[in-house]
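S.K.: After the structure tokens below, expect a handful of questions from me.
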Amino acid sequence: MNNESLSLKGIVKVFPGVVANDHIDFSLGRGEIHTLLGENGAGKTTLMNILYGLYTPDEGEIRINGQKVQIKTPSDALSHGIGMVHQHFMLIPIMSVAENIILGKEIKKSGLLDRKKARNKIKELSQQYKFDLNPDDLVKDLPIGTQQRVEIIKALYREANILIMDEPTSVLTPQESEELFSILRSLKNEGKSIIFISHKLKEVLEVSDKITVLRNGKVIGSVEPDKTDEQQLAGMMVGRQVILKVDKNKMDRGAPILVVKDLSVNDQRGMKTVNNICFTVHEGEIFGVAGVQGNGQTELIQALTGLIPFQSGEVTIQNRKLSGENPREVTVLGTAHIPEDRQKYGLVLPYPVRDNLILCSYYGKPFSNHRILNFSFIAEKASRLLEEYNIKAPGIDTITDTLSGGNQQKTVVARELGREVKLLIASQPTRGLDVGSIEYIHKKIIETRDARCGVLLVSPELDEIMSLADTIGVIFKGQIIKTLNIEESTKEKLGLLMAGIYK
Amino acid sequence: MQKDYYRIIIFSGLTLLLNLLIIRFSFNFPKEQAVSLMGFGTLGKLSMFTGRSIRILGCIGLIGSIIPFVKKFNRYVNLSFFTTAFTTVSAIILWAAVGSLFDIVGLLDLSLRLSTPIVLGAMAGMLCERTGVINIAIEGMMLTSACIGFTASLYLNNIWIGLFCAILSGGIIALLHAFLSITMITDQIVSGTVINILAVGLTGFIRRSFLLKARLTRTAILPIIEVPLLSKIPILGIIIFTNQPIVFLMMGLVVFISIMLFKTRWGLRTRSIGEHPEAADTVGINVFKMRYLNVILGGSIAGLAGAWFSLETTGSFDDMMTNGKGFIALAAMIFGKWHPVGAFTGGLIFGFFDALQIIFQIKNIPIPPQFLWMLPYVITMIVLAGVIGKSIPPAAIGVPYRKQ
Amino acid sequence: MKRFIIIIIVAVVVIAVVLFFVLRPKKVVEVVVVPEIKVGLVTDVGKVDDKTFNQFAHEGMMRAAEEFGFEAKYIETLQPTDYDKNIQTFAEEGFDMIVTVGFMITDATYKMAGQYPDIKFAGVDQFYAEPLDNTMGLLFAEDQSGFVAGALAAMMSETGVIGIVCGMEIPPVIKFRKGYENGARYIDPGLKVLGVYIDSFVAPDRGKAAAEAMIADGADVIFGAGGPTGSGGIVAAMEKGVYGIGVDQDEYYTTMGGGPAPNLLTSAMKRVDNAVYSAIKAFAEDTFKGGHYMNNASNEGIGYAPFHDAADRVSKDVKARLDETLEKLADGSLETGVKL
Amino acid sequence: MKPLNIIGRAQYQEIIIPFLSIVTALIIGAVIIYTTGANVYKSYQGLWQGAFGKPRAIAETFVITTPYILSGLAVAFGFKCGLFNIGVEGQLYAGAVSAAFIGYAVRGLPHFIHLPLAMLAGIVGGAVWGAIPGYLKAKTGGHEVINTIMMNHIMLKLTDYLVKNPMLDTQASIPRTPYIQETAYLPKLFPGFRLHWGIIIALAAVFLIYFILYKTTIGFEIRTVGYNQNAARYAGMNITKNFVLVMAVSGSLAGLAGANEVLGLNYTLPAAFISGYGFDAIAIALLAKSNPFAIIPSAILWASLRNGAGLMQVRAGISIDLINIMQAFVIMFIAAPKIVRWLYRIKEGKAKAEVVLTKGWGK
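Chains as they are written, first to last, in the working numbering: chain F, 640 to 1142; chain B, 10 to 413; chain S, 62 to 401; chain U, -19 to 343.
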């Protein structure tokens, strides 16, 4: 195997209580796109972090071009030609593209940074791969897709021969993903080897030369894409046959519950990101907002739930007009909100589960009386929710931070749906969760709808929208450019709409 | 939008009122009799009729404070603040100068000197915080190095070695801070508090054990240096080019650190670690090493600030002689938005009002000294509330970096 | 990384060890005396080595203790609310005489004196409305001391402008300042006296800045009245080549470290040490009497320090006039005009 | 069986680590005493007896404990909301000035009205002085750290002015306010001792603050804001209101401490009233990890070190500087338990959620 650029043998990594990598063997050929497929928590990212020197393995060896190497720090990895595009971009928002790229491998001229030369080099690289990057832009001003290109250039700038892409498509539109794949292919043609990490079966089949499936820290097997199909891969990945379709009844649409009229919202920097948006959510309906991240979804949800003020327009929930920037008012009207970033907005991590379960209802009776908390009632209610929502926690006093992501999200869901609700606003409710939790949360959303609530669901995962929503609104540049019934929507149609192309 | 409008109304309204008061005040001076003399070093002096001059200033301020009321010029609310600040201070200076010479050059020279430890302290804090380590121990670092520098210069009988020891001891104390907050993952504010308390005890102890028993109380002070040629420039020659070494070092460091932070590899890495340590780590930068380095460098600069007290200014050491300047430096740093030039400005404001306070007392302005002493603090609060607004710290500040 | 830390730690340890041995104080051989009588001293907020009255009081006590074979101890007060407590600590340890330093302890001393009638008390800078038999208030005519300094400054000034750098605005300091101003005007009524209060006794940097501002305004004699802050003023005077006058004790030895200091004219003395010494002496010789003891020009409780290095610059006439002023103050024929 | 064991170890560690921290600090102190050539045994004996040797010593320790508890509680309360109140010193002065003013200027009231009124004045004074930086932080984003430092200096100067001018007792030989009316005295607990009812009030304040923090919706909001401002906003809590409220309560605790000192101990406010409690308070709050009940032992520890220092100085001639050095080491060891673990080879107990003390610059 003289064509092997990288091989891992018997890699073991144990975290307290978890064996993240259990004797993993893996090999990567030169000019190959090799996919690591697996669920969240299967050990893909751990393995790649070992390869990149962020973790040190407990056992096992790494060979690059046949040579045994020690990778203790990222700089070791970089010096061996390994580059990584992390799932959460490792970019500094307030710095320019050029600064981000040259960081760690700076070009100097008489002791100072040679910005001119750096700029030229970056321009050269971005032209070579048709990236269209301006080195002087600040990273925080760039769209997600472009930020990813900055990350790729960052690796190429370091002359990486092995490129690790950790879930690169999770933030992209189908079209953007396509563009990324063509970039990957052209990289491959230049002789670069790519490790592609994903849990999306379709794209994996499309782009890879070889697929290795991980489950529970172990290698389940390696297959070639033309000798397999989605069902087989899914089986390998989850260990059982999964039903990718969500069962649900036909929609029984009732009265309007959330009416948004000509709403405009500015983001933190004062840019109008939601622009005269109009839509209506009815009782018993799941209204899915599909769209690429960064098209105003975040601001829309935050404005609807009162976290940020809106500039113009009006929002009515249950025929009551909102005054704006008052989350309490929205809650009192019977709205549940599953925020997109549960750790930032949805939970107080150092709190016990119990306190997180009452975060939105502590102020009213019977949770408190004359501002004094009613602990017996709270404990009773919390235990009931814990059981009802199947949250795996030792008890209601367990610190939330110690729970797994799925159980944390279940805590949020339990809190929000555990009270009288007429409207559910859910933003990316299954982000970063395992299949079991996803199934569970999908089931709960459907149940909520069937209990004659309105549901506003925002998700960048087209699959999720398509399997849950009754009505789909496509958001583009802060506007709902088209509303479709589930019956009339196809993935291709939606993908084009999400990219702003519609007839 | 609405909030902004209120801010404009309130702020400009206040400045308007103040300027009207100044104009009213100008009539207290009899025509053609009250004359203010302003000295400008070798350039000579300027004599003005007090009442008329103050009135002119008031009118300028009035125009400045009316502008923001015009809707089109709403965003010039800061302008109104600055003109009023200028007119108010100038008016009071004119008042102070009635009948006696008011030496503007001397005032500025004194301001620069009094601001030295504050600016240095602020930069010390800034270096730490730019790499994401909070430093509230500037006071303790300054105090310790003032003491150690002085002790060393006495025992080794060489003030330059003393200066070196001061810088070194600042670095060593900072090493303790770095060890506690980076390696031991102690809360960084706790670690800073530890150092502040320790410094008080340690310096008191050293003073008693080594200085008083040996009956040593005094050393020489750092010499005044006149930069050849440049010191002959009128006004600036005295203010900037005739000073003691640490003042020069301070000004040099402001420029040097600005360049270092924004133009060099070291600066790029430093800033990246303060913003996003993981990102820096993934491109092969040793976060721990850089943090240690910067905290120690910061401590050394604080050491220099300490040496200003004992070696440059007084040639002696007294318990608690830093007198809370380290905390003022902290304020100057936040005020200056973690930028060396900002820190310099902040320090200078303090130095200026401290100097002004002294001169007002000398000029016998009938204001109780307590209110004059308050001046720098009140000004800082007003500036912070109205003009500077929110200053955003480095994103990763206060968060210890842990590798797995 | 590890090596880097280890190198630094080793360096620190080496430096620390070297400094420790280089700077280690010589062990004082303790002479074991078995004293029967114990004298204690409670400071104002501050330490016994603060270069101001705490230190001088302590020195006076030590001198007396050595001479009469007493055991002498002190407690440094951290906070004003601790005065009662610190005095009580001595009382309950069986001390026979307690010296309290500073006007701030007046009330506490008076109260404790009532509580412990068998113990003798001496209070520096303290005035009691109705003195007890066991309390001695040691008062000082700071105004006279300042007056003499002002007279000297006026005689030495060529520009007709002199300055005073004060510490905090408290009675002893105010008396120094007013005395200084009046003394200067006594010599030359047209003289301009510049004065500044600084809100701390330990801010020599600001004291120096104040003095520099005065010198820039034409002052050619600077009187530093207020601990290290005032000393900062004197340092400025020395640097700028104008005259300086110290306060409390002979600053030729303290601030100037024993010279050379050709520009340090003298120091306006306030002999706290002598007063404390005499109080303890009175106790030792069993002549202790309650009441107030005013230390002024007449009993050499105040005065001025030798000219030292500046001696040849002070003319005979000046010295004669100065001594005359002091004598007049002593015999009461001249009043400072300071009332507080 | 096994999980029980682990929990047992964790609890054991919570006690053993602070204990060993103090012991280690004492050992370091002993080494320093030894290097100065003094008698270690005599020094520590003095320290102990000075703090707890006699009824009076114990009473005095608690006299100092009183303001320590209140001011430590003030800092800790701020920490709970993610606010770093360095301004306790200034707020304490504000309380002392207000209480003194009501204490001497208001005449002819009965004891049961005058005393509470004076205390209330102290509380309000501190609350106002604390609320200003809280308001500025919420409205303009001005950092409470800077603003409270500035307010400290301003209050110091203001007090100096007030006591020397409008509030001066012209009959007194020192610059101080007139003595307060007897009707405003905070009574002594035991005859013959200086210990006054302030300690009871301070302990009551601990319970009250604990109750507010952990049993009421107000405290729930405060803690939520302290841990996660975004989540607090999400849950419909008013951040501005909480900032102002917390700073006002924190200030009022400090103000109460100041009022206690005037009404229970000094009966007057002298001009050079330098307390220093404000900075000790930060250390005490940190030592207690902001836990209201843990404030009590840490305040007692601090008070006993300070109270014992006097006798230590008398018996062995050891300077008070040593106390500062030892205090610094105590906090250091408690804040960095790794050092103590390493020194005494204690294994790490069960991982617990970390106590968030401070929030950096209050992002």
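From the three backbone atoms N, C-alpha and C, an ideal C-beta is built for every residue, glycine too. From a predicted model like this one, the values you see are computed outputs, not experimental measurements.
Verify whether the separation of the beta carbon atoms of isoleucine 925 (chain F) and alanine 1108 (chain F) is less than 7 angstroms.
M.R.: Closer than 7 angstroms, so yes.
S.K.: Can you tell me the Cβ-Cβ gap for isoleucine 103 (chain U) and alanine 239 (chain U), rounded? I've got them flagged as a contact below 8 angstroms.
M.R.: 7 angstroms
S.K.: So the alpha helix (DSSP H) methionine 131 (chain U) belongs to, where does it begin and stop?
M.R.: Secondary structure note for methionine 131 (chain U): its alpha helix (DSSP H) is the uninterrupted segment 124 to 144.
S.K.: Can you tell which of B:Ile127, B:Thr389 and B:Ile76 has its C-alpha closest to the C-alpha of glycine 315 (chain B)?
M.R.: B:Ile127
S.K.: Could you check whether the segment 1044 to 1052 of chain F touches the segment 1060 to 1076 of chain F, counting it as contact only if at least three pairs of C-beta atoms, one from each stretch, sit closer than 8 angstroms?
M.R.: yes
S.K.: Alpha carbon to alpha carbon, what distance is there between lysine 181 (chain S) and valine 90 (chain S)?
M.R.: Low local confidence applies: a pLDDT of 46 at valine 90 (chain S) is under 50, so the model's placement there is unreliable, and no value is given.
S.K.: Give me the residue from B:Asn252, B:Ile75, B:Val392 and B:Leu52 with the minimum Cα distance to serine 120 (chain B).
M.R.: B:Asn252
S.K.: Buried or exposed for aspartate 392 (chain S), going by 16 or more other Cβ atoms inside 10 Å?
M.R.: exposed
S.K.: Mark valine 11 (chain U) as exposed unless 16 or more other C-beta atoms lie within 10 angstroms of its C-beta, in which case mark it buried.
M.R.: exposed
S.K.: Nearest by alpha-carbon distance to alanine 338 (chain B): which of B:Ile18, B:Leu129, B:Leu258 and B:Leu123 is it?
M.R.: Closest option to alanine 338 (chain B), Cα to Cα, is B:Leu129.
S.K.: DSSP three-state call for serine 666 (chain F): helix, strand or coil?
M.R.: strand
S.K.: Would you say arginine 280 (chain B) and arginine 139 (chain B) are within 7 angstroms of each other, going by their C-beta atoms?
M.R.: yes
S.K.: Give every residue of the same chain whose Cβ lies closer than 6 angstroms to the Cβ of leucine 71 (chain B), excluding the five residues on either side of it in the sequence, and list them in chain order.
M.R.: Asn28
S.K.: Excluding the 5 residues flanking aspartate 149 (chain U) on each side, which residues of the same chain have their C-beta closer than 7 angstroms to its C-beta?
M.R.: Arg156, Thr157 and Pro158
S.K.: Locate the beta strand (DSSP E) running through glycine 101 (chain S), then write down its first and last residues.
M.R.: 99 to 106
S.K.: Quick one: grab the DSSP three-state call for valine 109 (chain S).
M.R.: Residue state, collapsed to three classes: coil.
S.K.: Would you mind stating whether lysine 648 (chain F) and aspartate 661 (chain F) have Cβ atoms separated by less than 7 angstroms?
M.R.: no
S.K.: Would you kindly report the start and end of the unbroken beta strand (DSSP E) that includes leucine 199 (chain S)?
M.R.: 196 to 201
S.K.: Taking 8 angstroms as the limit between beta carbons, can you name the residues of its chain near glycine 302 (chain S), skipping five residues before and five after?
M.R.: Asn324
S.K.: At a Cβ threshold of 7 angstroms, is proline 243 (chain B) touching chain S?
M.R.: no
S.K.: Is the beta carbon of glycine 179 (chain B) sitting closer than 7 angstroms to the one on alanine 311 (chain B)?
M.R.: yes
S.K.: Give me the chain S residues within the contact set of glutamate 40 (chain U), using Cβ-Cβ distance strictly less than 9 angstroms, ordered along the chain.
M.R.: Asp143, Asp145, Lys146, Gln149 and Thr150
S.K.: Which runs of the alpha helix (DSSP H) at least 4 residues long sit entirely within the segment 820 to 854 of chain F? Give them in chain order.
M.R.: 840 to 846
S.K.: How many angstroms separate the CA atom of isoleucine 295 (chain S) from the CA atom of methionine 299 (chain B)?
M.R.: 44 angstroms
S.K.: With distances taken Cα to Cα, identify the nearest neighbour of lysine 779 (chain F) among F:Val736, F:Lys755, F:Phe770 and F:Ile746.
M.R.: F:Val736
S.K.: Touch check for the segment 181 to 190 of chain B and the segment 241 to 260 of chain B: three-plus C-beta pairs under 8 angstroms?
M.R.: Inter-segment contact for the segment 181 to 190 of chain B and the segment 241 to 260 of chain B is absent: fewer than three beta-carbon pairs are separated by less than 8 angstroms.
S.K.: For phenylalanine 918 (chain F) and isoleucine 956 (chain F), I'd like the C-alpha separation in whole angstroms.
M.R.: Their Cα atoms are separated by approximately 12 angstroms.
S.K.: Check whether chain F comes within 7 angstroms of tyrosine 214 (chain U), counting only Cβ atoms and requiring the distance to be less than that.
M.R.: Output row for tyrosine 214 (chain U): interface = yes.
S.K.: When you compare the CB of lysine 134 (chain S) with every CB in chain U, is at least one pair closer than 7 angstroms?
M.R.: yes
S.K.: Cβ closer than 8 angstroms: which chain S residues qualify as neighbours of glycine 324 (chain B)?
M.R.: Val296
S.K.: Thinking just about the alpha-carbon of each residue, which of S:Val379, S:Asn335, S:Ala125 and S:Gln310 is nearest to the one in lysine 112 (chain S)?
M.R.: S:Gln310
S.K.: Secondary structure at lysine 1121 (chain F), three-state DSSP: helix, strand or coil?
M.R.: strand
S.K.: In three-state DSSP terms, what is tyrosine 365 (chain S)?
M.R.: strand
S.K.: Drop a sphere of 10 angstroms on the beta-carbon of threonine 220 (chain U), count the other beta-carbons inside from all chains shown, and report buried for 16 or more, exposed for fewer.
M.R.: exposed
S.K.: Assuming serine 230 (chain U) and alanine 79 (chain U) are in contact, meaning their beta carbons sit under 8 angstroms apart, how far apart are those beta carbons, in whole angstroms?
M.R.: 17 angstroms between Cβ atoms; not a contact.
S.K.: Quick one: grab the DSSP three-state call for isoleucine 180 (chain U).
M.R.: helix
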